[in-house]
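Participant: I am attaching a structure below and will ask some questions about it afterwards.
In our numbering, the protein residues as written are 142 to 508.
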């Protein structure tokens, strides 16, 4: 009977307790301003407590370039978003070495799509496996291509500045298929630019395999189907001339329209829009889109956990890491800190502070 009651107690405790990975590591690239070396370092945590560091790899900064957009794949490989000229593009965290070609990952190929545009607000990269999602060959569509979700079609914009209206960029949208045929979907779409210097993708994105979201003019949002039928969605009158208008999805899958006036949450199905105030960072973490004199507000599952100026946030189950700086751009390079908060200790821990060291947070792995 005692054993039975003990078992029930253990089950009750396990059901009521929030589940965490007991041991996790934050992968960080650390560069020194007095040497040409860069270190790939693990910051190891156990039950929320920082316990040690482990240097995985030391290389020349000319050999490997780490960025915030690098992807951790299968809890083992760091796929670099900026491969070196000799294709040294994957770091094996377990074997502590550089792999020189994509096929080194168990005969699967990692393919990048950079800027969809962008795939998420931070212009993150999405990795695809060819055996799961076959992409069309890169060389077939080499200019401004945006693949459909099923990767069977590609959108391409063509345009030029109007001869009649200063700063008015007129563009058309074409759809290409895998058999190299193309079809004109829409003409006479426009972007009112803030200057005569347009070198960014026109604002458009796939909603699904048959529907595109774009604009007739700044703030005049429409959908477009593969027959060329245009359907009005919303009109946001506050949107002015802008050289960086774009659509993208956030980590929760919401569709956003970004402009210098702010970000707007677009609902094409219900034809509504809202001001975007809270951005997801995955794993229950959110950050405000507006800031105070202390920075932006961070939340975890609805609870505020801090106000910080930051860059490169990386989250995991109950953990968030970021680079904190005081808010003065002139002091940014020398007064930042690498901070981690977790939902076990419920406080911010400082892992590294300035002093000529420049960290880039790559992501988290389970140990």
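Backbone N, C-alpha and C define an ideal beta-carbon position, used for all residues, glycine too.
(1) Run through DSSP, which three-state label would residue 387 get?
(2) The beta strand (DSSP E) spanning residue 416 covers which residue range?
(3) Leaving aside the five residues before and after residue 439 along the sequence, list all residues of the same chain whose C-beta is less than 6 Å from its C-beta, in chain order.
(4) Check residue 334 in the structure and name its three-state DSSP category.
(5) Go to residue 380, then tell me how far its beta strand (DSSP E) extends in each direction, as first and last residue.
(6) Assign residue 387 to buried or exposed, taking buried as 16 or more other Cβ atoms, counted over all protein chains shown, within 10 Å of its Cβ.
(7) Tell me which same chain residues have a C-beta within less than 6 Å of the C-beta of residue 356, skipping the five on either side of it?
(8) For residue 353, count neighbouring C-beta atoms within 10 Å of its own C-beta (all shown protein chains included) and say buried if the count is 16 or more, exposed if not.
(9) Using 8 Å as the threshold, is the C-beta distance between residue 502 and residue 181 below it?
(10) Specify the secondary structure class of residue 357 as computed by DSSP and reduced to three states.
(11) Out of 499, 379, 451, which one is the CA nearest neighbour of residue 481?
(12) So is residue 484 buried or exposed if we call it buried at 16+ other beta carbons inside 10 Å?
(13) What are the start and end residues of the beta strand (DSSP E) that includes residue 465?
(14) Taking the beta strand (DSSP E) that residue 174 belongs to, which residues open and close that run?
(15) Per DSSP, residue 403 is paired with what?
(16) Can you give the Cα-Cα distance for residue 504 and residue 421, rounded to whole angstroms?
(17) Identify every residue that forms a DSSP beta bridge with residue 373.
Facilitator: A quick look at the data gives this:
(1) Taking the first residue of the chain shown as 1, we reach residue 387 at position 246. Strand, per DSSP.
(2) For the purposes of this step, residue 416 is taken as residue 275 along the chain shown, with counting starting at 1. Unbroken beta strand (DSSP E) run through residue 416: 413-416.
(3) For the purposes of this step, residue 439 is taken as the residue at position 298 of the chain shown. Beyond the five residues adjoining it in sequence on each side, residue 439 comes within less than 6 Å, by CB distance, of 428, 446, 447 in the same chain, given in chain order.
(4) Position 193 of the chain shown holds residue 334. In this structure, residue 334 counts as coil in the three-state DSSP scheme.
(5) Counting from one through the chain shown, the residue named residue 380 turns up at place 239. DSSP places residue 380 in no beta strand (DSSP E); its state is neither H nor E.
(6) Position 246 of the chain shown, counted from the start, is the residue given in the question as residue 387. Buried: at least 16 other Cβ atoms inside 10 Å.
(7) In the chain shown, residue 356 corresponds to position 215, counting from 1. Excluding residues within five positions, the ones whose Cβ falls inside 6 Å are 344, 362.
(8) Within the chain shown, the letter at position 212 stands for residue 353. Label assigned to residue 353: buried.
(9) Counting from one through the chain shown, the residue named residue 502 turns up at place 361. Counting from one through the chain shown, the residue named residue 181 turns up at place 40. For residue 502 and residue 181, no; Cβs fall outside 8 Å.
(10) Position 216 of the chain shown, counted from the start, is the residue given in the question as residue 357. Residue state, collapsed to three classes: strand.
(11) Translated into the one-based positions of the chain shown, residue 481 becomes position 340. The shortest C-alpha separation from residue 481 is found at 451.
(12) For this step, residue 484 is matched to residue 343 along the chain shown. Flag for residue 484 reads buried.
(13) As a position in the chain shown, residue 465 is number 324, starting the count at 1. Here the beta strand (DSSP E) through residue 465 covers 460-465.
(14) Here residue 174 is taken as the residue at index 33 of the chain shown, counted from 1. Per DSSP, residue 174 belongs to no beta strand (DSSP E) and is neither H nor E.
(15) Within the chain shown, numbered from 1, the residue matching residue 403 stands at position 262. Bridge partners of residue 403: 400.
(16) As a working mapping, residue 504 is identified with position 363 in the chain shown. As a working mapping, residue 421 is identified with position 280 in the chain shown. Each residue's alpha carbon lies about 16 Å from the other.
(17) As a position in the chain shown, residue 373 is number 232, starting the count at 1. 363, per the DSSP bridge assignment.
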